[in-house]
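Chains as they are written, first to last, in the working numbering: chain R, 2 to 620; chain P, 14 to 178.
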Amino acid sequence: MKTLQEIHKIREEKRKELDLRVNTKADTREKHILVCHGTGCTSSKSPQILENFRKILKEKNITNVRVIKTGCFGLCAKGPIVIIRPEDTFYALVTPEDCEEIIEKHIIKGEKVERLLCKDIDGKIVNSLDELNFYKKQKRIALKNCGVINPEEIDEYIAFDGYRALERVLKEMSQEEVIDVIKKSGLRGRGGAGFPTGKKWELTKASEGEQKYVVCNADEGDPGAFMDRSILEGDPHSVLEAMEIAGYTIGANKGYIYVRAEYPIAVKRLQIAIDEARDYGILGENIFGTDFSFDIEIRLGAGAFVCGEETALLESIEGKRGQPRVKPPYPAQSGLWGKPTLINNVETYANIAQIILKGPEWFSSIGTETSKGTKVFALGGNVNNIGLVEVPMGTTLREIVYDIGGGIPNGRDFKAAQTGGPSGGCIPKEHLYTPIDYESLKEIGSMMGSGGLIVMDDTKCMVCLAKFYLEFTVSESCGKCTPCRIGTKRMLEILEKLCNGEGEELDLYKLEKLAANIQKSSICGLGQSAPNPVVSTLKYFREEFRQHAIQKECKTLECKAMAKITINEEKCKGCGLCQKHCPVNAIDGTGRDKRIINQEKCIKCGTCIASCPFHAIGN
Amino acid sequence: MHENKEKKCKKEDKFLKELFSEYKPVKDNLIQMLNEIQEHYGYVPIDVQKQLSEFLSIPMAEIYGVVTFYSRFSLEPKGKYCISVCLGTACFVKGSQKIMDRLQERLGIGAGQTTEDGLISIDETRCVGACGLAPVFTVNGEVYGKATVKKLDEVLDEILNRKEN
């Protein structure tokens with residue numbers, strides 16, 4: 002238990018101590034080696050890197066250097082990432098074996114380890130984070146602390162203004178004033194639908210009831226999206242603080258965080274954060290000496306995409322099958338166990354404390370007319386800089402893919418970008434200059450969604466992609482309502498036919514009709530939006546669908562039934578490289594013979610195409 | 014052999030005893046408890062479901078309904094090696110379906126199934142979060158990034174040739 006004065010003291014002292022994390026000119030003899038411990042870097046051995054650093058420092062008896070575990074820096078493609086502060090040196094693709102050299106050269110001799118310095122897409126070596134094109138157009142609000150603090154130490158969160166917003170709210174602001182600030186800021190739900198957050202808080206506060214609940218939706222089910230996970234892994238206290246502010250505002254004393262069990266690191270760090278906050282008296286009875294009490298519990302999901310839908314999530318917290326409820330009543334009136342419940346997404350919460358501290362005008366000065374602030378995207382697929390980016394609303398897709406993402410690898414062309422996951426749509430080349438906000442994305446047939454942004458190059462088949470999303474929805478449909486349960490299955494069957502070269506032109510119309518019916522008549526958001534990936538690809542890539550249906554032709558290698566890889570006899574020089582690379586020994590010929598592909602054995606993986614130096618292989 | 018089995022049973026009894034004392038017998042604890050059971054046994058045995066039903070006063074049918082609804086819970090034991098291929102969008106776009114196809118072709122089983130000898134099971138997962146390494150597959154939780162069909166073959170050969178199998 003800490004008094005407010007003690008917390009102020011921790012903030013002041015710790016902030017001085019950690020100045021070198023954010024100030025390259027910090028006056029200190031200390032150095033901090035930051036090692037990324039997001040899921041991506043953790044899977045490529047960053048815990049061992051951390052351990053090696055500590056071991057070597059101890060052996061060499063170096064005491065002015067600390068090794069810190071941090072959340073995600075964002076540029077996952079270059080992981081594992083190591084950053085040395087205060088000089089802000091950025092080492093990329095570090096292995097546990099490199100630690101010795103970094104200590105020996107960088108720490109002891111004061112020279113940079115050139116071979117490990119991060120290279121930008123244009124090949125230029127960058128010395129520090131800010132020089133990277135990847136970071137230049139980003140603005141970090143929700144991810145402010147990710148990669149700066151150690152998420153497992155509450156003092157580090159407190160040092161960077163942590164729990165100051167909560168203190169201000171509890172000591173100086175009425176419930177109405179908080180709602181007013183959030184409303185004025187223009188913050189909208191970051192889970193996808195974009196409902197105004199202040200309005201939601203106001204509605205829940207206005208609902209009658211002794212017992213109310215605050216829920217955090219951390220069931221990030223969109224495959225390929227990892228924004229919420231990175232916030233929970235890198236800055237868990239920001240979510241706790243915002244939930245407490247929400248609790249005070251709507252009159253709740255209990256909160257639940259519903260998080261996927263597939264995110265073990267996030268769950269562990271959340272639990273540590275909750276325990277630490279309880280220890281300090283920041284969670285529990287009479288917080289900061291006021292009569293406000295609040296506690297938070299974690300509830301684990303069990304692998305059902307539909308539980309990201311708010312009412313299904315509530316059912317799941319209650320221990321039942323996660324099937325959506327019919328709305329209205331909305332959770333604000335009747336939520337968890339029938340009590341008024343406020344549900345917000347992780348990223349929405351991550352903005353709250355800073356809106357309180359910096360004011361609604363500051364927040365609403367960022368973004369577009371209707372969408373304020375920033376949005377975090379998980380940039381993935383066929384793009385050079387795979388990772389986590391946070392940009393002001395209104396940034397164009399082109400800026401994200403080319404300026405931040407560094408463009409498409411292997412000299413290929415951009416074909417489409419997919420936002421909003423299984424509920425969103427595909428954005429073709431002609432809309433690259435669309436400024437991204439809730440409305441503009443909807444207008445072009447996609448949606449903001451939670452923030453997955455997958456880039457596809459011209460080797461991708463859009464029919465296959467539509468099929469991929471429908472497979473996902475079919476397996477994740479909860480089965481409660483008929484349009485979604487049966488309708489999506491029928492759509493998938495048609496798409497399978499098209500991909501197998503058994504389709505006909507009429508199928509395209511059937512798809513559109515089914516899609517319209519499912520959108521209109523499903524109970525929940527999952528069903529209503531399930532046809533979106535098909536509708537948008539049909540709209541922008543109709544010619545490709547027609548080729549599948551009428552000519553039975555797929556220009557990419559993805560529809561295997563229609564693909565046939567052959568070697569051009571004239572171009573083949575008989576070098577045998579393709580044979581060497583083929584994983585299934587499907588290429589015949591010896592010595593300097595022209596090679597021939599055995600079609601029965603060929604699995605159409607395309608490895609030979611990539612391996613041929615004479616471009617003699619194709620489909 | 015017989016002795017071993019008895020020992021195992023006793024150990025499992027201890028796990029259940031602890032589980033039942035750790036949680037209050039209220040309905041909303043069901044999914045939390047099932048998560049722990051799945052973690053411990055690698056699946057949710059039917060007689061454990063029966064005991065849960067008594068403990069929480071929830072009909073067996075409802076428990077079975079919950080177990081079969083969530084993809085994390087399994088009714089059958091998994092193989093000694095569980096190979097999961099990520100079919101999240103980022104991995105899919107980078108060709109993880111080819112890895113999955115190859116795996117199924119080599120083992121002759123589908124996703125969610127286990128080889129007859131109980132050695133390997135195949136799972137499909139949606140995003141393990143290592144999108145920077147896409148495509149990825151995992152073997153008992155260990156991540157293999159930037160995977161190719163060739164790499165999968167190597168890993169598979171290594172597992173199949175291990176002496177202790």
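All C-beta atoms, glycine included, are put in the ideal place defined by N, C-alpha and C.
- The beta carbons of P87 of chain R and A160 of chain R sit no closer together than 7 Å.
- Contacts with chain R at 7 Å (Cβ-Cβ) do not include C95 of chain P.
- In the DSSP annotation of this structure, Q334 of chain R is not part of any alpha helix (DSSP H), being labelled neither H nor E.
- For G142 of chain P, the closest Cβ of chain R is nearer than 7 Å.
- Straight-line spacing of the CA atoms in L496 of chain R and C465 of chain R works out to 8 Å.
- Residue-level contact check: A103 of chain P touches chain R, since one or more beta carbons of chain R fall below 7 Å from its beta carbon.
- The beta carbon of S66 of chain P sits closer than 7 Å to the beta carbons of P72, M73, I76 from its chain, once the five residues preceding and following it are set aside; these are given in chain order.
- Within the same chain, and ignoring the five residues on either side of E35 of chain P in sequence, no residue has its Cβ closer than 7 Å to its Cβ.
- Restricted to the segment 186–212 of chain R, the alpha helix (DSSP H) segments that are unbroken, complete and at least 4 residues in length are 198–207, listed in chain order.
- Look at F469 of chain R: its C-beta is under 7 Å from a C-beta on chain P.
- Assignment of T483 of chain R by DSSP, reduced to helix, strand and coil, places it in the helix class.
- Nearest neighbour of E370 of chain R by Cα position, chosen from R:K340, R:Y439, R:N386, R:P330, turns out to be R:Y439.
- For A617 of chain R, the closest C-alpha among the options R:Y403, R:S129, R:K572, R:A226 is that of R:K572.
- Annotation: C99 of chain P is outside any alpha helix (DSSP H); the continuous beta strand (DSSP E) that includes it extends over 94–99.
- Around T151 of chain P, the same chain offers S97 as residues with beta carbons nearer than 6 Å, after the five sequence neighbours per side are excluded.
- Straight across, the Cα-Cα distance linking G309 of chain R with K556 of chain R is about 36 Å.
- Cβ-Cβ distances below 6 Å link G187 of chain R to S365, K373 in the same chain, with the five nearest sequence neighbours on each side left out; the list follows chain order.
- By DSSP's assignment, D136 of chain P forms a beta bridge with P:S97.
- A Cβ-Cβ distance of about 29 Å is found for the pair A278 of chain R and Y83 of chain P, leaving them out of contact under the 8 Å criterion.
- Residue contact check for A303 of chain R against chain P: a CB pair falls below 7 Å.
- For E319 of chain R, the chain P residues whose Cβ falls inside 8 Å of its Cβ are K40, D41, in order along the chain.
- Taking all protein chains in view, the Cβ of Y214 of chain R is crowded by 16 or more other Cβ atoms within 10 Å, so the residue is classified as buried.
- Between the alpha carbons of P534 of chain R and A143 of chain R lies a gap of roughly 28 Å.
- For I50 of chain P, the nearest beta carbon of chain R is not closer than 7 Å to its own beta carbon.
- Here N146 of chain R really is in contact with S239 of chain R; their C-beta atoms are around 7 Å apart, less than 8 Å.
- Any Cβ of chain R closer than 7 Å to the Cβ of Y77 of chain P would place that residue at the interface, and such an atom is absent.
- Distance between N620 of chain R and T567 of chain R, taken at the CA atoms: about 6 Å.
- The residues I96, V98, I135, L165, in chain order, have a CB closer than 7 Å to that of L116 of chain P in the same chain once the five nearest residues on each side in sequence are set aside.
- A distance of 7 Å or more separates the beta carbons of L118 of chain R and F289 of chain R.
- In this structure T291 of chain R is exposed. Its beta-carbon is surrounded by fewer than 16 other beta-carbon atoms within 10 angstroms.
- Contact between E400 of chain R and K138 of chain R holds: CB atoms are separated by about 6 Å, below the 8 Å threshold.
- Annotation for N218 of chain R: G192, Y259, G309, E311, L314, I344, N345, N346, V347 place their beta carbon closer than 8 Å to its own, counting only its chain and skipping 5 residues before and after.
- Bounds of the alpha helix (DSSP H) holding N48 of chain P are 43–54.
- Secondary structure note for R115 of chain P: its alpha helix (DSSP H) is the uninterrupted segment 109–120.
- Excluding its 5 nearest sequence neighbours in each direction, L29 of chain P has C-beta neighbours in its own chain below 8 Å: V61, Q64, listed in chain order.
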